[in-house]
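Protein chains in written order, with my numbering: chain A, 122 to 328; chain B, 108 to 271.
For every residue, glycine included, the Cβ atom is placed at its ideal position computed from N, Cα and C.
What follows is a single structure, written as structure tokens, with notes after it.
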Amino acid sequence: MANIDIDTLNTLHLDVLKEIGNIGAGNATTALAKLLNKKVDMGVPKVNILELKNVADILGGAENLVVGILLSVSGEVNGMMMFVLEQKSAHILVNILMGREINNISEFTEMDISALKEIGNILTSSYLSSLSALTNLNIVPSIPQMAFDMAGAILSVPAIEFGKIGDKVLLIETEFIEGIDHVMGYFILIPEINSFEKILLSLGVNI
Amino acid sequence: MMGSREIIKVGMADLNIAKYPNILTTLGLGSCVGIALYDPITKIGGLAHIMLPDSTQIKNNSNIAKFADTATLKLVKDMIDIGAKKDRIVAKLAGGAQMFSFSSSNDLMSIGERNILAAQNILAKLNIPIVASDTGENYGRTIELYTENGELLIKTIGHGIKKI
Numbered sequence: 122m123a124n125i126d127i128d129t130l131n132t133l134h135l136d137v138l139k140e141i142g143n144i145g146a147g148n149a150t151t152a153l154a155k156l157l158n159k160k161v162d163m164g165v166p167k168v169n170i171l172e173l174k175n176v177a178d179i180l181g182g183a184e185n186l187v188v189g190i191l192l193s194v195s196g197e198v199n200g201m202m203m204f205v206l207e208q209k210s211a212h213i214l215v216n217i218l219m220g221r222e223i224n225n226i227s228e229f230t231e232m233d234i235s236a237l238k239e240i241g242n243i244l245t246s247s248y249l250s251s252l253s254a255l256t257n258l259n260i261v262p263s264i265p266q267m268a269f270d271m272a273g274a275i276l277s278v279p280a281i282e283f284g285k286i287g288d289k290v291l292l293i294e295t296e297f298i299e300g301i302d303h304v305m306g307y308f309i310l311i312p313e314i315n316s317f318e319k320i321l322l323s324l325g326v327n328i
Numbered sequence: 108m109m110g111s112r113e114i115i116k117v118g119m120a121d122l123n124i125a126k127y128p129n130i131l132t133t134l135g136l137g138s139c140v141g142i143a144l145y146d147p148i149t150k151i152g153g154l155a156h157i158m159l160p161d162s163t164q165i166k167n168n169s170n171i172a173k174f175a176d177t178a179t180l181k182l183v184k185d186m187i188d189i190g191a192k193k194d195r196i197v198a199k200l201a202g203g204a205q206m207f208s209f210s211s212s213n214d215l216m217s218i219g220e221r222n223i224l225a226a227q228n229i230l231a232k233l234n235i236p237i238v239a240s241d242t243g244e245n246y247g248r249t250i251e252l253y254t255e256n257g258e259l260l261i262k263t264i265g266h267g268i269k270k271i
């Protein structure tokens, strides 16, 4: 088996990775729409290959305040999965779910945090289970952890994992937006290098 | 005086030096550690945003700004090259938080803690005193190093602003 490298991925590989974002995020977006009972649109997935020093520029810049729900992925695919919401979107999302006044933005309560973690759990699980069904690979998500902080600080966690093997990070990023109340966020899958290989091979793509 | 100073941004796994009156900054430090060095006489500062503790533990270690050990050595060298004196350099540390509390990790210490420890070790080896630090906890930090006086400004979300 040839060794795959972030720098040697060709257009076909990137298209396949984008398609994974499409299918995973498509399922997660459907799950979100059901939860909210509202229409949720999804953007075109992007495969971002970033230099470590530029990682913090995504998600609105290093100091942008976001809610990050992170889980690690193990089994036949290793890596991390993140569900990221802009601060305001996170408030609106829990307000919708709790049946509160939508624009009532105050501090997150324990209950809000627990709800956000659970939403993260449901959405990332549906992303990963569709990926697992597609590739026939066993994917085991961990319990999600939540942080409410600067985007750069949150992204440092997966970036460090990538930093151990190279100077670039590959993210499959899909944006979603709920039009009426403007809930915006991202699903980000960050597979480890040898996991791309497995994903691509499982889909019959030559490396 | 205020008008002409430049703000020099240091990214993740990146480092830079500056002379008075310029300011060095790095945004959104999470588990990474900001190593700020300063020579008070020449007013030369240096800032590294390191991600990992030890370059000798990693195969692909060509990016020296990524590791506590190699980044510190490079920073000291670059500062001396533009006129700083090693005996006068002092250090301040910030960052090394644990952003998410994973219990499944098989590492005994979090990566943040290991980064802090590695920075302390290399500074001790170089006889550079750590005069102040703001490390650990579970939140991100943005830091600014003022070459005017070596002050390190630390900004956080919900944990206040402080100068060390």
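By how many angstroms is the C-alpha of residue j removed from the C-alpha of residue i?
i: M165 of chain B; j: S263 of chain A; result: Per the sequence presented here, residue 165 of chain B reads as Ile, with Met not at that position. The alpha-carbon atoms of I165 of chain B and S263 of chain A are separated by roughly 26 Å.
i: S240 of chain B; j: I271 of chain B; result: 7 Å
i: V326 of chain A; j: V304 of chain A; result: 36 Å
i: S211 of chain B; j: L233 of chain B; result: Legend: pLDDT at S211 of chain B = 46, less than 50; position of this residue unreliable, value from coordinates given subsequently. So the two alpha carbons sit approximately 35 Å from each other.
i: G300 of chain A; j: K181 of chain B; result: 50 Å
i: T177 of chain B; j: T133 of chain B; result: 18 Å
i: E318 of chain A; j: K269 of chain B; result: 46 Å
i: E282 of chain B; j: G203 of chain B; result: This structure cannot speak to residue 282 of chain B, because chain B is shown only from 108 to 271.
i: D288 of chain A; j: E172 of chain A; result: 6 Å
i: P236 of chain B; j: S193 of chain A; result: 38 Å
i: A149 of chain A; j: L206 of chain A; result: 14 Å
i: L180 of chain A; j: I286 of chain A; result: 23 Å
i: E197 of chain A; j: S235 of chain A; result: 29 Å
i: E222 of chain A; j: N216 of chain A; result: 6 Å
i: T230 of chain A; j: A154 of chain A; result: 24 Å
i: E140 of chain A; j: P166 of chain A; result: 8 Å
i: G200 of chain A; j: L154 of chain B; result: 30 Å
i: H156 of chain B; j: A172 of chain B; result: 7 Å
i: D161 of chain B; j: N123 of chain B; result: 19 Å
i: Q208 of chain A; j: I170 of chain A; result: 25 Å
i: K192 of chain B; j: D185 of chain B; result: 11 Å
i: E296 of chain A; j: N228 of chain B; result: 42 Å
i: A231 of chain B; j: K199 of chain B; result: 13 Å
i: L159 of chain B; j: L138 of chain A; result: 28 Å
i: G182 of chain A; j: V176 of chain A; result: 9 Å
i: S169 of chain B; j: D233 of chain A; result: 44 Å
i: N245 of chain B; j: M206 of chain B; result: 5 Å
i: V188 of chain A; j: A268 of chain A; result: 6 Å
i: E294 of chain A; j: G142 of chain A; result: 7 Å
i: L310 of chain A; j: T149 of chain B; result: 47 Å
i: I142 of chain B; j: V290 of chain A; result: 23 Å
i: A93 of chain B; j: N222 of chain B; result: Here chain B covers residues 108 to 271 and nothing more, so residue 93 of chain B does not appear.
i: L48 of chain B; j: G145 of chain A; result: An answer regarding residue 48 of chain B cannot be provided, because it is not within the stretch 108 to 271 covered by chain B.
i: I314 of chain A; j: L130 of chain A; result: 11 Å
Against residue i, what residues of chain B qualify as contacts under a CB-to-CB distance less than 9 Å, listed in chain order?
i: I275 of chain A; result: G135, G137, M206, F207, G247
i: A211 of chain A; result: Correct list: empty, because the minimum Cβ distance to chain B is about 13 Å.
i: D288 of chain A; result: A120, N167, S169, N170, K173
Am I right that residue i and residue j are in contact with their C-beta atoms under 8 Å? What's the rounded C-beta distance?
i: G243 of chain B; j: I264 of chain B; result: The pair is not a contact, with the Cβ atoms about 16 Å apart (cut-off 8 Å).
i: V140 of chain B; j: A226 of chain B; result: 5 Å
i: L337 of chain A; j: F204 of chain A; result: This structure cannot settle anything about residue 337 of chain A, because the visible part of chain A is limited to 122 through 328.
i: T256 of chain A; j: S323 of chain A; result: 4 Å
i: L252 of chain B; j: I130 of chain B; result: 7 Å
i: I281 of chain A; j: S138 of chain B; result: 6 Å
i: V168 of chain A; j: L133 of chain A; result: Not confirmed; about 12 Å, so no contact.
i: L144 of chain B; j: I218 of chain B; result: L144 of chain B to I218 of chain B, Cβ: 22 Å. No contact.
i: I189 of chain B; j: K126 of chain B; result: 7 Å
Identify the contact partners of residue i in chain A, using a Cβ-Cβ distance below 7 Å as the criterion.
i: A121 of chain B; result: Checking the sequence, you will find Asp at residue 121 of chain B rather than Ala. Within chain A, the residues near D121 of chain B are K174.
Taking residue i as the query, report the chain B residues whose CB atoms sit under 8 Å from its CB, ordered along the chain.
i: L186 of chain A; result: I264
i: A177 of chain A; result: G118, M119, L134, G135
i: K285 of chain A; result: L159, I165
Note down, in chain order, every chain A residue with its Cβ under 8 Å from the Cβ of residue i.
i: I218 of chain B; result: I281
Note down, in chain order, every chain B residue with its Cβ under 7 Å from the Cβ of residue i.
i: L191 of chain A; result: F207
i: A116 of chain A; result: The structure shown has nothing for residue 116 of chain A, since chain A only spans 122 to 328.
Consider the C-beta atom of residue i and the heavy atoms of the ligand NAD; say whether any pair is separated by less than 7 Å.
i: E231 of chain A; result: No copy of the ligand NAD occurs in the structure displayed, which carries no ligand at all.
Note to self: Any C-beta of chain A within less than 9 Å: which residues of the region 158-173 of chain B qualify?
What the structure shows: Under the 9 Å Cβ criterion, the region 158-173 of chain B contributes M158, L159, Q164, I165, K166, N167, S169, N170, A172, K173.
Next item on the list: Scan the region 226-298 of chain A and note each continuous alpha helix (DSSP H) run of 4 residues or more that stays entirely inside, going in chain order.
Entry: Here the runs fully enclosed are 231-256, 272-284.
Note to self: Which complete alpha helix (DSSP H) runs does the region 197-227 of chain A hold, if anything under 4 residues is left out?
What the structure shows: Entirely contained in the region 197-227 of chain A, the alpha helix (DSSP H) runs reaching 4 residues are, in chain order, 208-219.
Checklist line | Continuous alpha helix (DSSP H) assignments of at least 4 residues falling wholly in the region 174-258 of chain B | finding: For the region 174-258 of chain B, whole alpha helix (DSSP H) runs of length 4 or above, ordered along the chain, are 175-188, 218-232.
Notebook entry, point to check: Listed in chain order, which residues of the region 245-279 of chain A have Cβ atoms closer than 7 Å to some Cβ of chain B?
Noted result: When C-beta distances to chain B are compared with 7 Å, the residues of the region 245-279 of chain A below that value are S263, Q266, A268, D270, M271, A272, G273, A274, I275, S277, V278, in chain order.
Check: Which of the residues in the region 137-159 of chain A, read from start to end, lie with their CB under 8 Å from any CB of chain B?
Finding: Flagged: no residues at all.
Next item on the list: Please specify which runs of the beta strand (DSSP E), each continuous and at least 3 residues long, are wholly inside the region 129-181 of chain A, giving them in chain order.
Entry: With a minimum length of 3 residues, the continuous beta strand (DSSP E) runs that stay inside the region 129-181 of chain A are 161-163, 167-172.
Item checked: Every unbroken beta strand (DSSP E) within the region 123-162 of chain B, with a cutoff of 3 residues, ordered by chain -> Fully enclosed beta strand (DSSP E) runs of 3 or longer: 130-136, 140-146, 151-157.
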